[in-house]
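Participant:
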Amino acid sequence: MAEQPPKKTVFEDYGIDPAISEIQNFKAEIVFELKKAEVPFPITSREQLMTVFPKGWSMHCSMKGQKIELHDYVSKMKADEFPIRTAGDVADKLASFCTM
Numbered sequence: 067m068a069e070q071p072p073k074k075t076v077f078e079d080y081g082i083d084p085a086i087s088e089i090q091n092f093k094a095e096i097v098f099e100l101k102k103a104e105v106p107f108p109i110t111s112r113e114q115l116m117t118v119f120p121k122g123w124s125m126h127c128s129m130k131g132q133k134i135e136l137h138d139y140v141s142k143m144k145a146d147e148f149p150i151r152t153a154g155d156v157a158d159k160l161a162s163f164c165t166m
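All residue numbers for the sequence shown refer to my numbering, where the first residue is 67 and numbers rise by one.
#1: Terminal residues of the continuous alpha helix (DSSP H) containing valine 140?
#2: Spell out the partners DSSP gives isoleucine 109 in its beta bridges.
#3: Here's the rule: buried if 16 or more other CB atoms are within 10 angstroms of the residue's CB, otherwise exposed. What is glutamate 113?
#4: Am I right that phenylalanine 148 and isoleucine 109 are in contact with their C-beta atoms under 8 angstroms? What's the rounded C-beta distance?
#5: Within the same chain, show all residues whose beta-carbon is closer than 6 angstroms to that of tyrosine 139, passing over the 5 residues directly before and after it, in chain order.
#6: Rank Phe119, Pro106 and Ser111 by C-alpha distance to the C-alpha of glutamate 95 and give the top, closest one.
Below, the structure written as structure tokens:
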């Protein structure tokens, strides 16, 4: 079997900083998963969002390639950040915890 070339980040061809590109990819994955799960909006609480991303659900969200559990990020959210009205808002809030 032929070796596959490494996967390029979405914005790499445009000369965008790889850290920003990785965060944009992270956001896109979150939006995709929320749409795939047909999550109803608004999301009114941290607990409701935790059911969407249960413990053990991990994604890449740092330049060091570490996997983080979205459940851990959701648990850091404050009550005044709810309700969340769109998948894009969920992605923005969770991406704010990413390290570059």
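Where a beta carbon is used, it is the ideal one built from N, C-alpha and C, also for glycine.
Facilitator: According to the structure shown:
#1: 136–141
#2: Ile150
#3: Counting Cβ neighbours within 10 Å, glutamate 113 comes out exposed, since fewer than 16 surround it.
#4: 7 angstroms
#5: Leu160 and Phe163
#6: If you compare the alpha carbons of Phe119, Pro106 and Ser111 with that of glutamate 95, the shortest gap goes to Phe119.
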